[in-house]
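*Asks:* Chains as they are written, first to last, in our numbering: chain Z, 23 to 125; chain B, 432 to 655.
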């Protein structure tokens, strides 16, 4: 099942890129297409942030992940690079767990 | 194009590649922590080669969301690359097999570099190819190291890798929050996904948040 997702996902993402080189540039003039492709990543990424922070299966929980994400916000405000943001979140969550302050 | 100009583009491209390589490291680790093996992880970085979609695919799979939801989320996030390709097409003027290679290297970074150096056309082309190639190589090396490293660890949860996943998505989202519309769409997307989490199978709440983007686009279109 994982292999299916990996291969289907990869093929689809490649075809999306290729289609752009095959279509006439006039498609770009359609404002609605430009707008939707700009808004989609924002809605999906924020949904992913929310779900990966609070969801445990189908229940919502508050645990060390939330502290990690809040620490990541601080890192982003301070304009830290990607790897630092991710590390700050991981270290914060790991520290809270190892000290027993959060699950 | 003056040679100094060309050298500067190449140097910037290498720098962007190094930064994304570091980020590939976290993708490799997170993918393995989500339950993929290092080979599957590497195939994603080689074949899919678009960060947000890769993170989404492994995130949804890791949360038990199933293959269909994972693939759909990755495709929806990858749709913007098609738009990039459309804007790059008249600049790069690629034909035949070159077009196949250009398509694979069409990502946020290479597009931004090419469109950021519009004249002369040779500079735009150099920016695209050098950035695309340097990111491709270093992203894949980063993935390999991160995946093998995480595979050597017993329980990724104790290292806080589960908190690294939403932090990664947040870092991808952050630069897109440029105005109030984007903030509103982000808030609505997160709310919809959380409200639906208890009632829908994992993976589907995120897809439902995609409808928020469609609704927002429709509302904006009616206003203007």
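For glycine and all other residues, C-beta sits at the position ideal for the given N, C-alpha and C. Owing to the predicted nature of the structure, the values given are computational and were not obtained by experimental measurement.
Scan the region 526–554 of chain B and note each continuous alpha helix (DSSP H) run of 4 residues or more that stays entirely inside, going in chain order.
*Replies:* Entirely contained in the region 526–554 of chain B, the alpha helix (DSSP H) runs reaching 4 residues are, in chain order, 528–535 and 539–547.
*Asks:* Cβ of residue 121/Z less than 9 Å from any chain B Cβ?
*Replies:* For residue 121/Z, the answer is no, since every Cβ of chain B falls outside 9 Å of its Cβ.
*Asks:* Kindly indicate if chain B contains any beta-carbon less than 9 Å away from that of residue 84/Z.
*Replies:* Chain B, which has no Cβ nearer than 9 Å to the Cβ of residue 84/Z, makes this no.
*Asks:* Tell me which residue opens and which closes the alpha helix (DSSP H) that residue 84/Z is part of.
*Replies:* Note, residue 84/Z: premise wrong, no alpha helix (DSSP H); not H, not E.
*Asks:* Looking at chain Z, is there any beta carbon in it that lies within less than 9 Å of the beta carbon of residue 600/B?
*Replies:* Answer yes: the Cβ-Cβ gap between residue 600/B and chain Z drops below 9 Å somewhere.
*Asks:* For residue 516/B, I'd like the list of residues in its chain whose CB is within less than 6 Å of its CB, leaving aside the five on either flank, ordered along the chain.
*Replies:* Once the five neighbours on either side are set aside, the close Cβ partners of residue 516/B are 537.
*Asks:* Going by DSSP, what residue range makes up the alpha helix (DSSP H) through residue 447/B?
*Replies:* It spans 434–464 - the alpha helix (DSSP H) in which residue 447/B sits, taken as one unbroken run.
*Asks:* Verify whether the separation of the beta carbon atoms of residue 548/B and residue 558/B is less than 9 Å.
*Replies:* Yes, these two residues count as a Cβ contact at 9 Å.
*Asks:* Are the CB atoms of residue 88/Z and residue 76/Z nearer to each other than 9 Å?
*Replies:* Yes, Cβ-Cβ distance for residue 88/Z and residue 76/Z is below 9 Å.
*Asks:* Any beta carbon of chain Z sitting closer than 9 Å to that of residue 550/B?
*Replies:* No, its Cβ sits nowhere closer than 9 Å to a Cβ of chain Z.
*Asks:* Where DSSP assigns a beta bridge to residue 77/Z, which residues make up the other side?
*Replies:* Answer by DSSP bridge pairing, in chain order: 82/Z.
*Asks:* Going by DSSP in three states, residue 636/B sits in which element: helix, strand or coil?
*Replies:* Residue 636/B: helix per DSSP, three-state reduction.
*Asks:* Verify the CB distance criterion: does residue 530/B have a CB-CB separation below 9 Å to chain Z?
*Replies:* Judged by the 9 Å Cβ criterion, residue 530/B is in contact with chain Z.
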